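The structure appears below as structure tokens.
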Amino acid sequence: MTLANILNMMTKPRWGLGMLGTKRRGFRNIIGHVKGIEDMGSLSQWTASQFDPTLDWNDVEWIKKRWGGKLILKGIQDVEDARLAVSAGADALIVSNHGGRQLDGAQSSICALPPIVDAVGKQIEVHMDGGVRSGQDVLKARALGAQGVYIGRSYIYGLGAMGQAGVTKSLQIIHKELDTTMALCGRTDINTIDKSILLPGHYPA
Ligand SMILES: Cc1cc2nc3c(=O)[nH]c(=O)nc-3n(C[C@H](O)[C@H](O)[C@H](O)COP(=O)(O)O)c2cc1C
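Residue numbers for the sequence shown follow our numbering, so the first one is 65 and each next one is one higher.
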């Protein structure tokens, strides 16, 4: 809290009163269920302890066997890891830098996508996320070979603005934009989308 925050909040009494009436949120699926986790402080220690630095590609194969269902690996950013994902038996991979929150300076997903599609696109489904804010972004990812596209912040912005209805609204907006952009590109079937809708020289190759 800074003086600027406090002054800013004082100019928004309706919002402030509304916030006073909201429930306190916590991680109720973990706190009180996992032994020894009673509050947010012990939760962050427990979260840190969940990261296993010895995890390797053999563990991915092991998980795939034990799980028995479809396995999607998220966070692939280069061709070498994409090939390893295929060898480990993954059914799909998500080209992702986790929304740019892990490593400053990591390349964008849209730049990482084309070489990965070229290398393994025939062996495994390639999806992507990161920076998708509009239906046009979905279409660009699709044009560069992504068979699936995910969103993170876009629906969270909707949630913050209008709650559950905002999540629905954000999906509707993206859907509508995708539809309109396809029409303006002269396409009616998402399966016909490829690089030919992009301006030559203006997209990552
Ligand atoms: C607040 C926040 C928390 C996230 N936590 C995780 C996480 O625990 N594990 C993970 O794989 N990705 C996490 N992500 C990344 C998202 O799964 C997703 O890859 C990313 O948000 C996509 O980029 P976008 O937000 O630009 O759409 C998080 C993203 C945000 C914004």
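Backbone N, C-alpha and C fix where the C-beta goes; we use that ideal spot for every residue, glycine too. Note that the coordinates shown come from a computational prediction; the quantities given were computed from them, not determined experimentally.
| task | Taking 8 Å as the threshold, find out whether the region 159-168 comes into contact with the region 192-202 through three or more Cβ pairs. | result | yes
| query | Does DSSP put V202 in a helix, in a strand, or in coil? | reply | Walking along the sequence shown from the start, residue 202 turns up at place 138. It is helical.
| request: Could you tell me whether the Cβ atoms of Y214 and V231 are closer together than 9 Å? | output: Residue numbering aside, residue 214 sits at position 150 when the sequence shown is read from its first letter. Residue numbering aside, residue 231 sits at position 167 when the sequence shown is read from its first letter. No, the pair does not count as a contact, with Cβ atoms beyond the cut-off.
| request: Compute the distance between the beta-carbons of I136 and A154, then report whether it is under 9 Å. | output: What you label residue 136 is simply residue 72 of the sequence shown in a count that begins at 1. What you label residue 154 is simply residue 90 of the sequence shown in a count that begins at 1. Against a cut-off of 9 Å, the Cβ pair of A154 and I136 comes out as a contact.
| Burial state of D120, where buried means 16 or more other Cβ atoms lie within 10 Å | For the purposes of this step, residue 120 is taken as the residue at position 56 of the sequence shown. When all chains shown are included, D120 counts as exposed.
| query | How would you write the range of the beta strand (DSSP E) that I70 sits in, first residue to last? | reply | To locate residue 70, count along the sequence shown from 1; it is residue 6. Looking at the DSSP string, I70 is not in any beta strand (DSSP E); the run it does join, the alpha helix (DSSP H), is L67 to M74.
| said: I need the boundaries of the alpha helix (DSSP H) containing Y221, first residue and last residue. | reply: For the purposes of this step, residue 221 is taken as the residue at position 157 of the sequence shown. Unbroken alpha helix (DSSP H) run through Y221: R217 to L248.
| request: Would you identify the three-state DSSP class for E189, choosing helix, strand or coil? | output: By 1-based counting over the sequence shown, the position of residue 189 is 125. It is a strand residue.
| task | Rounded to whole angstroms, what's the CA-CA distance from K204 to A152? Just pull it up for me. | result | Position 140 of the sequence shown, counting from 1, holds the residue named residue 204. Position 88 of the sequence shown, counting from 1, holds the residue named residue 152. Cα to Cα, K204 sits roughly 29 Å from A152.
| query | Are the CB atoms of I95 and L107 nearer to each other than 9 Å? | reply | The residue given as residue 95 occupies position 31 in the sequence shown. The residue given as residue 107 occupies position 43 in the sequence shown. Yes, the Cβ-Cβ distance between I95 and L107 is below 9 Å.
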